[in-house]
Amino acid sequence: MNRREGRCAFSASKAARAQLLLRGKVRLEPLPTRPRTALGLDASYSARDGVGVGAAVLVSLETLEPVDCRVYISRVCIPYIPGLLAFRELAVMAPAAAALSAGADVVMVDGHGIAHPRRFGIASHVGVILERPSIGVAKKKLVGTLVEGPGGRYVVQDGERLAVVLGTRPREVYVSPGHRITLEEAASIARATIRPGGWMPEPTRLADVISKALKTIIGGQSLINSALASLCRVKLGPRLEELERPLRKAGLEVE
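Under my numbering, the first residue of the sequence shown is numbered 4, with each subsequent residue one higher.
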């Protein structure tokens with residue numbers, strides 16, 4: 004079945020088949036060394052001409068402070084379809100991530116890793132593309148059942164533990180390995196990056212904050228923390244030159 008949004012044709016069935024092929028590249032294995040940095044990824048969308056904002060924030064795992072940030076803004080024509088999030092979000096997320104991935108020991112993505120109908124969520128997709136250890140941090144469950152086990156709650160399907168649940172409803176996240184990391188390591192890193200009183204791991208939380216802030220700027224407002232604004236460099240996609248002025252006015256560096 005083809006679904007269209009704007010001038011973009013997208014085949015959900017072909018995308019699902021691609022996931023089934025690509026999941027063969029996923030490796031769940033222990034990290035070779037202790038990670039020192041994490042790259043948080045998220046995307047937000049403006050009602051303005053279907054514009055998407057992809058944010059990548061490099062965070063020190065020792066201090067949980069951001070050390071670098073890249074944003075890519077472009078029009079996105081692929082619709083949101085559950086289970087096929089990567090094909091929509093990577094259009095803006097991948098260019099931002101590619102600029103900082105060399106300095107990232109692990110990548111944390113707002114979305115699922117293997118806790119996915121085809122065991123290949125957006126975090127697995129990102130990990131395979133960047134060839135980096137990756138972790139999925141999702142706010143909703145896609146598959147499996149919740150089971151109480153040693154050390155907490157797990158998402159289980161067909162006897163396999165796919166994700167660890169951190170927090171309690173409604174403030175909870177589903178943490179699953181994406182690529183080149185184990186479930187236990189993914190959960191440990193995610194748990195260690197949640198600030199006291201918070202519920203989202205700091206790398207994905209910051210990416211969420213930045214992508215949503217830039218969405219408001221695109222919509223005609225200016226709601227971004229000045230410290231984050233000074234850290235971020237923004238790249239615009241084709242035919243979005245009109246956004247350069249409001250972004251610069253908000254204190255952002257536009258490439």
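For glycine and all other residues, C-beta sits at the position ideal for the given N, C-alpha and C.
Here residue 161 is exposed. Its C-beta has fewer than 16 other C-beta atoms within 10 Å.
By the neighbour-count criterion, in which 16 or more other beta carbons inside 10 Å mark a residue as buried, residue 14 falls on the exposed side. Note that the segment 143-158 does not touch the segment 199-216; fewer than 3 beta-carbon pairs, one per stretch, sit closer than 8 Å. Exclusion of the five residues before and after residue 128 leaves 89 as the residues of its chain whose Cβ lies within less than 6 Å of its Cβ. Three or more beta-carbon pairs separated by less than 8 Å link the segment 180-193 to the segment 115-124, which places the two stretches in contact. Straight through space, the alpha carbons of residue 209 and residue 23 are spaced by roughly 31 Å. Excluding sequence positions up to five before and after residue 38, its CB lies within less than 8 Å of the CB of 64, 108, 109, 136, 192, all in the same chain and listed in chain order. Distances from the CA of residue 48 to each of 238, 77, 131 were compared; the closest alpha carbon is that of 77. Residue 75 sits close to residue 57, with the two beta carbons spaced by under 8 Å. DSSP, reduced to helix, strand and coil, places residue 182 within a strand of the structure shown.
A straight-line Cα-Cα distance of about 12 Å links residue 96 and residue 42. With contacts defined by Cβ atoms closer than 8 Å, residue 103 and residue 59 form a contacting pair.
With at least 16 other beta carbons inside 10 angstroms of its own, residue 140 counts as buried. Shown here for residue 175: same chain residues with a beta carbon closer than 6 Å to its own, the five before and five after excluded, namely 168 in chain order.
Per DSSP, the beta bridge partners of residue 137 are 110, 182. Distance from the CA of residue 149 to the CA of residue 35, rounded to the nearest whole angstrom, comes to 30 Å.
A straight-line Cα-Cα distance of about 9 Å links residue 33 and residue 186. As DSSP reads the structure, residue 61 sits in a beta bridge with 42, 71.
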